[in-house]
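One structure is given below, encoded as C-alpha cells.
Residue numbers (the working numbering), protein chains in the order written: chain G, 19 to 354; chain A, 788 to 1264.
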C-alpha cells in the first residue's frame, strides 16, 4: 500500500505549470483577473460602500453614526423623494414618443431615400453635442420672446397666448422632456436602422409578390425581425427615464417643480450633505429599476410568446421525463 | 513551440507583477500602518508653527526665504481671474509679480467654477493642493487638513476676521478679501425715477422699485432676482443676521436657540422682513417677467447699462458690475434697506479663507506661507477686488457706506461650533450654506400666488424646530 503511494508522483507545481493543462489554466486566470479586478474595484466596491453608507448618518467628512434603517424610513416618508418619482412618468411618455418617431424615421431611411445619409447625419447630430451645451442652448431657446417664441410667432401665434415654457409649471416638464427626446431620438434611430439593415431583402420581394403594402411589410416583416433591439431600447429608455438628471439639472437646476429623483438626490447629498440619506435613495432607486426591469421582462415574455417556443418544448420535455419516471416508479411499486 | 514560449513569457510577467505587488505591501506594512498618512488627524499638524518654519507673524517678506526653492499649487474659485479678458488683475499677473520677489517659488494656479463641491472632493481624497480656500468643513476637522498659522492673539494682530476659521485657539485660515452685504444698484436709474434719497426701510424700498417700474415700464427691471443661477438666491440669507437685527451674536449664537426665528416681529426687522421684500417685489411684478431664464453673465452688463435697477448681492459683485460695461460711474452700492432702532447695519465678513495643506513638506509649507502673506500684504488683491480691509490696521477700500455701522458675526460659543451646520443639514434650510432652492420657492409661490408668505415662514419655522429637537438644542422664545 505504502509502495503504491510512493510510486504515484507527488503533485509538482513547477511541472504542472509547465504542462499544457497548467499553462491553459494560468493564462486563463491571468487574462480573466484583470477585467474582474477592474470590475470589482470600480463597480462592486463603490457600490458596497454606498450600501454601507446608507446605514449611517454621515457627511463627506467628519464623524459617522450608525442609524440602522432610519435613512430608508426617511426616504419613504419624505414628500420630495417619491413626489420626484412622479416626474419620471413625463420622461417615460417622452421615451415612448421618442421610440415611435425613431422607428418611423428609421423605417423610412432604411429604404432608398434622396439625401438619406444627410438626414441620418442631421438627425443623429444632437446626440453628439455635450449635455451642458444643450442646457445652454435650450435655456435661450425657451426664454420668453427668444428663439422658440419667435418661430411660433412666424406661424401666426400671438406672444401673449404662448405659455412661459420654463416658468409655467404645467408645461415646463414637457419642455424638458422635449429636449431629451430631441437629443436621444437620433441615437435610437441609428440603432434601429442598423437592425433593419440586417433584414433579408428577399422577404420584401416575397411580400411584394404576395401584394403586401409597406405598412403590412413593416408590421409582419420588419417589426418581428428587430423586436430584440426594440425591447432593449424600451428597457434602456425606461430605466433612463427613472434616472433622468441632465436636462432638469442643466436647464432649470431642478427648481420650479422640475426636480427629478436624481436632482433631489444630488441636492440632498451635496447641499445638505446627508450622504447616508442620499445613498439610501440610490439603493431604493436601484431596487425600483430592478423591479421595473423584471416587470418588463415578464411583459415582453407575454407579448412575444411564440418566440419562446424553444423554452416551451424544453418544459414539455421535462414534463414528459417526469411523467415517465413516475410511471416507472408506479410499475416498480406494482411489481412488489 | 513558439506559442509555448509566448505563454511562458506572459506567465513570468504576471508572476513578476504579483510578486512585486506582494513585496510592496509588506514593505509598507513594516514602516507605517497603511491609512494613517491620509485621513486620521496627526497631532503634529495641530502644533504650529513647527520647527524650522517661520510663522506667518514672524515672516519678513523683504528678507526671509529669498532663496527658498519650492513648487506649490493654489486652488481657488476665481475662474474669472484665469481669463486674459478679465478687466482687473489676473492670476497670471499676480504670479508674475510674486515671482519677481521670489523667483524660485513656482505657483500653479487651479480654479474651479464648482469650487464648493470640488474642493471637498479634493480634501476627501487626501491628495489636495498646497494652498486652498477653505470649503464647508467641520471646524473640528480643520487640523486634519490644514496647518495652523498661529494662535488667535498673534493672528489678531496680523489680519482682520482671524477668528473665522479658528478652532482650539488656533487660526487655520486668513481671509482672501472681506465683503459687506448691501445692494448693488444703478444710480442713474434710481435718480431718473425720482428716488432722491436711498431707501432705508422695506416699505421705502418697495416704493422705490414701484417708481422705477412706473418710469421705465418694460425697459428696466427694478429688481433682478437672478433666479436661474441659484447661488444668487442663496445670497439673500446673508442679510438676515446683522443687517436685519443689528445683533452680532444673532447668526452664530441666538439663531441656534431661537424658537420660530422666521416669525413676523412686526417692526420690519429680523429674517421675516428680509425675505418679505423678495416676496412682495415678485408679487407686485417688480422683478423680471420670466425668472426661470435669467442670465447671470448678461445681468452684469444690463445693470451697468441701466436695464436693471438693482440686485441683492454682496459687495464682491460691485467691481464686476463696474467692469461689465461703459457706465462704471453709474454703478453704486447701497446698504440693505432695513433700519433697526433708527440705525442701519451692514454685516462685513471674510470671503473664502486661504489655508495651507497640513500634509505638505516643510519647504512647501514655508513657500505657501510666503505666498499667502505676499497675497495678503503686497499683491493689492483685496483692494483690486473691492474688498473691505483684511490686513489689521489697513483702511484702504473702494466702498463708501456713509453712516452705516459695519459689524461682523461673533463666533459660536465653545462647543457649538458645528451646531449651525448640523441644524442646516437637518432642517435642509441651509442658511448661508447653499440653501438656494428655499428662496427660489419664495419666488415661485409669490409668482403663482399659491402660498402666502406667512405660510412659507411657518413651514420654515417648523423645519427649524424639528432640527432643533433632533439636535437636542435648548430653545428660548
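Quick reminder that beta carbons are idealized off the backbone N, C-alpha and C, glycines included.
- Taking the beta carbon of residue 70 (chain G) as reference, no residue of chain A falls within 9 Å; the closest one sits roughly 16 Å away.
- Just so you know, the alpha carbons of residue 138 (chain G) and residue 990 (chain A) end up roughly 60 Å apart.
- Residues of chain G whose Cβ lies closer than 7 Å to the Cβ of residue 914 (chain A) do not exist, since the nearest Cβ in that chain is about 15 Å away.
- For residue 855 (chain A), same chain residues with a beta-carbon under 8 Å away, outside a window of 5 residues either side, are 889, 891, 892, 1150, 1153, 1154 and 1157 in chain order.
- For residue 271 (chain G), at least one C-beta of chain A is nearer than 9 Å to its own C-beta.
- Under the 9 Å criterion on CB atoms, residue 190 (chain G) is classed as interfacial with respect to chain A.
- Judged by DSSP in its simplified three-state form, residue 956 (chain A) adopts coil rather than helix or strand.
- Separation of the CB atoms of residue 1218 (chain A) and residue 1065 (chain A) is rounded to 15 Å, and the pair is thereby denied contact status at 8 Å.
- Nearest neighbour of residue 1141 (chain A) by Cα position, chosen from A:1162, A:1147 and A:1126, turns out to be A:1162.
- Take residue 840 (chain A), set aside five residues on each side of it, and the residues of its chain with a beta-carbon closer than 8 Å to its own are 1149, 1152, 1153 and 1156, in chain order.
- Note on geometry: alpha-carbon atoms of residue 165 (chain G) and residue 196 (chain G) lie some 15 Å from one another.
- Looking at the backbone, the Cα of residue 149 (chain G) and that of residue 920 (chain A) are separated by about 29 Å.
- Closer than 9 Å to the CB of residue 274 (chain G) there is at least one CB belonging to chain A.
- The three-state reading of DSSP puts residue 941 (chain A) in helix, counting H, G and I together.
- Comparing C-alpha distances from residue 865 (chain A) to each of A:1104, A:909 and A:1093 shows the shortest one belongs to A:1104.
- Beta-bridge annotation (DSSP): residue 1192 (chain A) is paired with A:1132.
- At a cut-off of 9 Å between beta carbons, residue 1210 (chain A) makes no contact with chain G.
- With a threshold of 9 Å between beta carbons, residue 1146 (chain A) makes no contact with chain G.
- When Cβ-Cβ separations below 9 Å define contact, residue 315 (chain G) makes no contact with chain A.
- Look at residue 70 (chain G) here: in three-state DSSP terms it is helix.
- If you look at residue 920 (chain A), you'll find it in the beta strand (DSSP E) that goes 918-920.
- Separation of residue 155 (chain G) and residue 83 (chain G) (C-alpha to C-alpha, rounded to the nearest whole angstrom) is 44 Å.
- Burial check for residue 34 (chain G): the Cβ neighbour count within 10 Å stays below 16, so the residue is exposed.
- Distance from the CA atom of residue 1034 (chain A) to the CA atom of residue 1063 (chain A), rounded to whole angstroms, is 20 Å.
- Each of G:53, G:66, G:81 and G:92 was checked against the Cα of residue 283 (chain G), and the nearest Cα belongs to G:92.
- The DSSP-derived three-state label of residue 857 (chain A) is strand.
- Contact residues of the stretch 1078-1098 of chain A toward chain G are 1078, 1079 and 1080 (C-beta to C-beta distance below 7 Å).
- Under the DSSP assignment, residue 1097 (chain A) falls in the beta strand (DSSP E) whose first and last residues are 1095-1098.
- Comparing C-alpha distances from residue 961 (chain A) to each of A:1242, A:968 and A:953 shows the shortest one belongs to A:953.
- By the CB criterion at 9 Å, residue 298 (chain G) and residue 90 (chain G) fall inside the cutoff.
- In the displayed model, residue 40 (chain G) falls within a helix according to three-state DSSP.
- When C-alpha distances from residue 1226 (chain A) are compared across A:1014, A:1095 and A:1236, the shortest belongs to A:1014.
- In the structure shown, residue 278 (chain G) adopts coil according to DSSP, grouped into three states.
- In the structure shown, residue 1262 (chain A) falls within a coil segment according to DSSP collapsed to helix, strand and coil.
- At least one beta carbon of chain A lies nearer than 9 Å to the beta carbon of residue 277 (chain G).
- Residue 862 (chain A) is bridged by DSSP to A:897 and A:919.
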